[in-house]
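Asks: All the letters of the sequence shown, read from the start, carry residue numbers 1 to 165 under the UniProt record's numbering. A virtual CB, placed ideally from N, CA and C, is assigned to each residue, including glycine. Values in this document were obtained by computation on a predicted structure and should not be read as measured data.
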Amino acid sequence: MDYIIKLAFVLLIFIYSWFFQIQNQEWDQVRSMLKDANNMAVHDASQELNEAARAQGRLVIDPAEAYATFRHTLQSNLGLDDGLSPLAGSRLQAQVKIVKFDIVDESTGDTFPLLYEDSTYGITKYIQGPSVIAVIQTQHPVLISRNKVQEAITVPAVQEYRMNR
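1) Please classify residue 111: does DSSP put it in a helix, a strand, or coil?
2) Please classify residue 21: does DSSP put it in a helix, a strand, or coil?
3) Quick one: grab the DSSP three-state call for residue 60.
4) CA-CA distance, residue 57 and residue 104?
5) Note down, in chain order, each residue of its chain lying with its Cβ closer than 6 Å to the Cβ of residue 43, except the 5 sequence neighbours on either side.
6) Measuring straight from C-alpha to C-alpha, what distance separates residue 67 and residue 19?
7) Between residue 155 and the rest of its own chain, which residues show a CB-CB distance below 8 Å, the 5 nearest in sequence each way excluded?
8) DSSP puts residue 153 in a beta bridge; with which residues?
9) Tell me which residues share the same chain as residue 126 and place their Cβ nearer than 8 Å to its Cβ, disregarding the 5 neighbours each side in the sequence.
10) Using 8 Å as the threshold, is the C-beta distance between residue 129 and residue 59 below it?
11) Based on DSSP bridge pairs, tell me the residues matched to residue 124.
12) If you draw a straight line from the C-alpha of residue 3 to the C-alpha of residue 22, how long is it?
13) Relative to the C-alpha of residue 90, which candidate in 5, 152, 133 and 76 has its C-alpha closest?
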């Protein structure tokens, strides 16, 4: 009887460890997907230039078009609906939130290079030209219920034009 109790205890610890490892792998995969999608989305958003300003030799990103393109690219690459919730068949389990979308360009009067800092999301970067900065977030995948709630997966991305002057 003593042997069976010990064996059950070891089996329980093994199964718990196995699920914990699967949960960590899921976190890694979801974070990687978010990072790739965010990189593509800020790249696409940075392409939405104001053509009138461009004709005058200035690179100014159209904020409304850039944000719409950013959302569309996220939806396409992550399998999300209009509310940024996962569609059937999506690898994600929770809604994606755009927690920051910022455009830094010549329309704001900034000169480049510029030190961009955001301590909330841990972004510190010397920006060489007009840029789109975005931070997206989704809930940590949960396979094992625990008392401690895991922090959300937060992924920043920066896309910049390098000015040759």
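Replies: Quick answer:
1) Residue 111 carries a coil assignment under DSSP once its states are collapsed to helix, strand and coil.
2) helix
3) In this structure, residue 60 counts as coil in the three-state DSSP scheme.
4) 17 Å
5) 159
6) 38 Å
7) Hits under 8 Å: 31, 34, 35, 38, 135, 136 and 137.
8) 138
9) Contacts found: 113, 114, 115 and 116.
10) yes
11) 117
12) 29 Å
13) 76
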